[in-house]
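In my numbering, the protein residues as written are 2 to 574. Remarks on the structure that follows.
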Amino acid sequence: MCGIVGYIGTDEAFPLIIQSLEKLEYRGYDSAGVALLGSDIKVVKVVGGIDKLKNKILEGRVGIGHTRWATHGGVSERNAHPHLSCDGEIAVVHNGIIENWEELKEELRNHKFVSETDTEVVAHFLEERLGKGLSMEEALKELKSRLKGTYALVILKKGDDRIYALKKDSPLVLGILESGFMLASDIYAFSDKTNKAIFFEDGEHAIIRRNEYRFFDSENRVVEKRIENFSWSSGKEEIGNFEHYMLKEIHEEPNAVRRLLLSLRTDQREKLEALKKLMETKRKVMFVASGSSYFASLLGVYFLHRAGIESQTLIASEFHNYERVNGDTLVIPISQSGETMDVLDAVKLSKRKGAEIVSIVNVPHSSIQRESRFSLEIKAGQEVCVAATKTFINQVVLLMELASLFGYRAELDTLPQEIEHVIKSNEKTIRKLARRLKDKNDIYIIGRGVTYPVAREIALKLKEIAYIHAEGMMGGELKHGTLALIEEGVPVISLIPSKDDEVMSNVIEVESRGAMSIRISPESKEFKIPQTNSGKFAVFSVVLGQLLAYYIAKERGLPIDKPRNLAKSVTVK
Ligand code: F6R
Numbered sequence: 002m003c004g005i006v007g008y009i010g011t012d013e014a015f016p017l018i019i020q021s022l023e024k025l026e027y028r029g030y031d032s033a034g035v036a037l038l039g040s041d042i043k044v045v046k047v048v049g050g051i052d053k054l055k056n057k058i059l060e061g062r063v064g065i066g067h068t069r070w071a072t073h074g075g076v077s078e079r080n081a082h083p084h085l086s087c088d089g090e091i092a093v094v095h096n097g098i099i100e101n102w103e104e105l106k107e108e109l110r111n112h113k114f115v116s117e118t119d120t121e122v123v124a125h126f127l128e129e130r131l132g133k134g135l136s137m138e139e140a141l142k143e144l145k146s147r148l149k150g151t152y153a154l155v156i157l158k159k160g161d162d163r164i165y166a167l168k169k170d171s172p173l174v175l176g177i178l179e180s181g182f183m184l185a186s187d188i189y190a191f192s193d194k195t196n197k198a199i200f201f202e203d204g205e206h207a208i209i210r211r212n213e214y215r216f217f218d219s220e221n222r223v224v225e226k227r228i229e230n231f232s233w234s235s236g237k238e239e240i241g242n243f244e245h246y247m248l249k250e251i252h253e254e255p256n257a258v259r260r261l262l263l264s265l266r267t268d269q270r271e272k273l274e275a276l277k278k279l280m281e282t283k284r285k286v287m288f289v290a291s292g293s294s295y296f297a298s299l300l301g302v303y304f305l306h307r308a309g310i311e312s313q314t315l316i317a318s319e320f321h322n323y324e325r326v327n328g329d330t331l332v333i334p335i336s337q338s339g340e341t342m343d344v345l346d347a348v349k350l351s352k353r354k355g356a357e358i359v360s361i362v363n364v365p366h367s368s369i370q371r372e373s374r375f376s377l378e379i380k381a382g383q384e385v386c387v388a389a390t391k392t393f394i395n396q397v398v399l400l401m402e403l404a405s406l407f408g409y410r411a412e413l414d415t416l417p418q419e420i421e422h423v424i425k426s427n428e429k430t431i432r433k434l435a436r437r438l439k440d441k442n443d444i445y446i447i448g449r450g451v452t453y454p455v456a457r458e459i460a461l462k463l464k465e466i467a468y469i470h471a472e473g474m475m476g477g478e479l480k481h482g483t484l485a486l487i488e489e490g491v492p493v494i495s496l497i498p499s500k501d502d503e504v505m506s507n508v509i510e511v512e513s514r515g516a517m518s519i520r521i522s523p524e525s526k527e528f529k530i531p532q533t534n535s536g537k538f539a540v541f542s543v544v545l546g547q548l549l550a551y552y553i554a555k556e557r558g559l560p561i562d563k564p565r566n567l568a569k570s571v572t573v574k
């Protein structure tokens with residue numbers, strides 16, 4: 002995770018770097034820092050968010066910045082990036098993990114290390130090589146040959162009007178601005194300033210001057226790179242009248258679904274048909290995803306099975322332990338960010354084994370999209386809150402539309418209005434329910450079939466946003482153990498698509514043991530849910546679950562958009 006930025010050009014660098022770091026803050030918000038090149042390298046660092054950096058203005062037209070999600074070393078000012086060499090002449094920001102940092106540090110034992118991070122070795126390594134008479138270009142080549150692990154690195158050197166950048170397995174992109182160049186972890190960092198960018202491939206490095214850049218491949222040969230035109234959110238997402246991005250993004254769901262359906266039926270139609278064809282020709286169809294995206298994939302498997310298409314899904318972090326992919330497998334990674342390291346690793350492994358990759362992502366030009374034969378986009382727009390809301394809904398809708406090509410009855414045309422209605426007519430009820438649940442330690446959510454993945458997703462939202470232990474489970478599994486935990490007053494939310502759904506027997510089981518039973522159902526008097534098919538019921542239940550997590554978190558006074566210990570783009574294992 003972590004967001005990194007570098008700017009070189011004719012404008013003052015500090016405000017530009019701060020603006021971009023603010024846009025990258027969803028990648029990590031433990032600490033932040035900036036280094037600017039003047040007659041010396043000047044550094045400012047803070048623990049906490051970018052806001053705290055704003056009054057520490059530095060002057061200069063070349064600089065680098067970082068927003069951190071801590072991996073090696075606790076959250077402290079000395080562990081905040083940029084990291085410096087002993088003489089303060091080299092400054093480094095990094096996203097990724099240097100796996101052999103201890104070995105390198107041992108080699109550099111004559112250097113004084115001030116942080117507990119893996120990153121700091123990079124600054125000292127370069128200082129050591131420069132001290133031995135190597136040029137910066139030569140030192141960089143040696144660095145590349147020695148580093149193990151994952152990295153996007155952006156580096157400044159005193160007295161050298163250039164920025165150096167290296168990438169392996171962590172995202173890095175160069176934005177072409179009118180006033181110069183900006184390096185960043187993703188295009189959102191500068192999408193308000195340009196729509197032109199060059200994407201680094203693994204093993205490449207670049208040297209950027211004010212008016213030119215040079216890229217080098219993994220063998221350090223000069224390489225010509227294509228400038229890509231991208232289209233992505235052109236400003237910083239405005240929060241408007243909402244108190245939090247999470248609530249804003251839930252309210253955006255109707256429009257996000259509208260936009261996606263239109264796109265799937267027009268500009269993305271051909272790709273959707275091509276995916277269908279591939280699914281018909283390959284022996285095995287396998288989804289791979291993490292977190293919420295994994296729960297969306299479980300729903301995808303459900304919809305496809307209903308339509309008679311066999312598919313399976315694997316959690317990305319366990320993919321290598323369970324996969325049996327080969328040249329006759331279609332692997333479909335699902336990822337909002339398109340950068341999740343576990344998913345990316347699964348994609349690379351599948352490609353090595355000859356599988357075909359067609360991805361489903363939100364962020365265009367993301368690493369997973371670029372590793373794919375082709376990619377379908379969920380068109381949810383930038384999501385600022387760390388928790389997935391509108392992007393989860395759009396992943397599910399895309400999968401429903403795909404299944405409907407095989408005969409699944411999704412009836413999606415009216416879905417946007419229906420979601421709008423579900424939000425409007427239930428928000429008050431959910432707020433009341435949130436007050437009843439805010440002091441609970443555990444919440445159980447049960448579903449069966451289509452509502453099982455939904456139960457898991459709602460539980461995840463309650464954990465990450467409301468900090469309440471929650472378990473989403475198959476109703477049928479209750480009696481095999483978990484029922485022992487159900488006693489007087491324990492909240493159990495049941496997802497009941499229709500009154501004769503199998504889950505009703507579980508509802509009776511928990512109610513007879515005194516549970517605080519909350520029935521989410523079209524039959525319910527408490528909630529207003531349209532009578533419709535079970536797929537859409539699943540979507541409505543997720544929306545209610547998202548609102549519930551939001552309002553409980555609000556009751557508890559939690560930092561909803563930036564929950565502790567988390568980041569939106571999980572680019573480490
Ligand atoms: C939960 C959430 C995470 C992500 C997971 C995968 O609200 O956002 O569980 O779903 O980290 O991220 P992507 O979809 O970017 O691969």
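Cβ atoms here follow ideal geometry from the backbone N, Cα and C, with glycine treated the same way.
Which of helix, strand or coil DSSP assigns to residue i
| i | result |
| --- | --- |
| residue 157 | strand |
| residue 38 | strand |
| residue 52 | helix |
| residue 27 | helix |
| residue 466 | helix |
| residue 243 | coil |
| residue 121 | helix |
| residue 76 | coil |
| residue 68 | strand |
| residue 32 | strand |
| residue 512 | helix |
| residue 96 | strand |
| residue 490 | coil |
Backbone CA spacing between residue i and residue j [nearest angstrom]
| i | j | result |
| --- | --- | --- |
| residue 516 | residue 522 | 17 Å |
| residue 126 | residue 115 | 14 Å |
| residue 299 | residue 3 | 29 Å |
| residue 376 | residue 366 | 10 Å |
| residue 259 | residue 77 | 44 Å |
| residue 427 | residue 545 | 8 Å |
| residue 230 | residue 22 | 22 Å |
| residue 270 | residue 368 | 23 Å |
| residue 563 | residue 29 | 9 Å |
| residue 156 | residue 120 | 11 Å |
| residue 357 | residue 486 | 45 Å |
| residue 444 | residue 493 | 6 Å |
| residue 395 | residue 355 | 29 Å |
| residue 584 | residue 306 | For residue 584 there is no data in the structure shown, the boundaries of the chain being 2 and 574. |
| residue 340 | residue 488 | 42 Å |
| residue 524 | residue 499 | 7 Å |
| residue 207 | residue 195 | 20 Å |
| residue 73 | residue 6 | 20 Å |
| residue 101 | residue 147 | 9 Å |
| residue 25 | residue 171 | 14 Å |
Closest by C-alpha distance to residue i, when choosing among the options
| i | options | result |
| --- | --- | --- |
| residue 111 | 95, 305, 86, 383 | 86 |
| residue 1 | 130, 570, 465 | Absent from the structure is residue 1, since the part of the chain shown begins at 2 and ends at 574. |
| residue 317 | 327, 333, 308, 289 | 289 |
| residue 456 | 542, 511, 441 | 542 |
| residue 322 | 64, 490, 162, 350 | 350 |
| residue 122 | 107, 131, 135 | 107 |
| residue 390 | 156, 145, 246 | 246 |
| residue 238 | 363, 75, 383, 473 | 383 |
| residue 33 | 51, 249, 24 | 51 |
| residue 418 | 436, 189, 253, 460 | 253 |
| residue 380 | 423, 319, 336, 374 | 336 |
| residue 63 | 102, 176, 117, 211 | 211 |
CB of residue i within 8 Å of CB of residue j, strictly
| i | j | result |
| --- | --- | --- |
| residue 80 | residue 153 | no |
| residue 159 | residue 90 | yes |
| residue 550 | residue 480 | no |
| residue 510 | residue 484 | yes |
| residue 174 | residue 193 | no |
| residue 407 | residue 309 | yes |
| residue 561 | residue 424 | no |
| residue 169 | residue 203 | yes |
| residue 360 | residue 333 | yes |
| residue 65 | residue 199 | no |
- Enumerate, from N- to C-terminal direction, the unbroken beta strand (DSSP E) stretches of 3 or more residues contained entirely within the stretch 383-450. List check, beta strand (DSSP E) in window: 443-448.
- Task: List in chain order: all unbroken beta strand (DSSP E) runs of 3+ residues lying wholly within the stretch 309-379.
- Result: If we require 3 residues or more, the beta strand (DSSP E) runs fully inside the stretch 309-379 come out as 313-316, 330-336, 357-362, 375-378.
- Query: Can you list the beta strand (DSSP E) stretches of 3 or more residues lying completely in the stretch 258-293, in chain order?
  - Reply: The DSSP assignment places complete beta strand (DSSP E) segments of no fewer than 3 residues inside the stretch 258-293 at 285-290, in order along the chain.
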